[in-house]
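Numbering (the numbering used here), first residue to last: 20 to 206. Cβ coordinates follow ideal geometry from the N, Cα and C atoms, glycine included. Nothing here was measured: the structure is a model prediction, and the numbers come from that model. Input: a single structure, listed below in structure tokens.
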């Protein structure tokens, strides 16, 4: 895939792991440095920890934006490093590839609120420092017509939306539709 950053084509070392795009952490920090979405990265070997700092200019350490040649398959190891954002531990999935940490682009976009768009027609990933992150909306779900009877209403009809993989403490949004407010004109 081609990758653009604020409309400019850029070359990245990136890998597809379990159908997700993983980018070198320092490359993303480097390319966003000087924008409203910038963040710093430091390594603390004594704690085996990656420290991320919001709204901080990235300090290059060498090796940023160096792209390997080709599309060879390589080995990726799940990172065991702790990850801290502004001194608070967070959970992000990272892989170690060739002594570099690669993170899911969606996770970085969500964490630092930068825009990510996929243009399937042009096979292009767009990273945007001028927009905020918007979660993907292709969450599998079911949507079915239901009804319930109460003492006051013989048949109350409604639509039930259920994500296929709900998580604990997921917010429940109930939407009732109908001119009478009773869902009697649901169809």
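Does the distance from the C-beta atom of residue i to that of residue j stay below 8 Å?
| i | j | result |
| --- | --- | --- |
| residue 151 | residue 134 | yes |
| residue 78 | residue 53 | no |
| residue 144 | residue 27 | no |
| residue 69 | residue 120 | yes |
| residue 46 | residue 83 | yes |
| residue 115 | residue 20 | no |
Which word fits residue i, buried or exposed, when buried means at least 16 other C-beta atoms lie within 10 angstroms of its C-beta?
| i | result |
| --- | --- |
| residue 50 | buried |
| residue 73 | exposed |
| residue 113 | buried |
| residue 128 | buried |
| residue 43 | buried |
| residue 146 | buried |
| residue 168 | exposed |
| residue 124 | buried |
| residue 200 | For residue 200, the pLDDT reaches just 48, beneath the cut-off of 50, and the residue's location in the model is therefore unreliable, leaving the point undetermined. |
Considering just the uninterrupted stretch of the beta strand (DSSP E) at residue i, what are its terminal residues?
| i | result |
| --- | --- |
| residue 71 | 68-73 |
| residue 138 | 134-138 |
| residue 33 | 33-36 |
| residue 47 | Looking at the DSSP string, residue 47 is not in any beta strand (DSSP E); the run it does join, the alpha helix (DSSP H), is 44-51. |
| residue 59 | 58-63 |
| residue 104 | 101-104 |
| residue 145 | 143-147 |
| residue 22 | 21-24 |
| residue 27 | 27-29 |
How big is the Cα-Cα spacing for residue i and residue j?
| i | j | result |
| --- | --- | --- |
| residue 64 | residue 130 | 23 Å |
| residue 149 | residue 24 | 10 Å |
| residue 104 | residue 140 | 35 Å |
| residue 94 | residue 175 | 56 Å |
| residue 66 | residue 137 | 36 Å |
| residue 122 | residue 71 | 13 Å |
| residue 99 | residue 62 | 13 Å |
| residue 39 | residue 56 | 22 Å |
| residue 86 | residue 37 | 21 Å |
| residue 132 | residue 173 | 48 Å |
| residue 101 | residue 110 | 8 Å |
| residue 154 | residue 41 | 16 Å |
| residue 76 | residue 92 | 33 Å |
| residue 107 | residue 29 | 31 Å |
| residue 96 | residue 81 | 22 Å |
| residue 170 | residue 34 | 58 Å |
| residue 166 | residue 48 | 51 Å |
Quick check on the DSSP output: the alpha helix (DSSP H) that includes residue i runs from which residue to which?
| i | result |
| --- | --- |
| residue 112 | Careful: residue 112 lies outside any alpha helix (DSSP H) and carries neither H nor E. |
| residue 130 | 124-131 |
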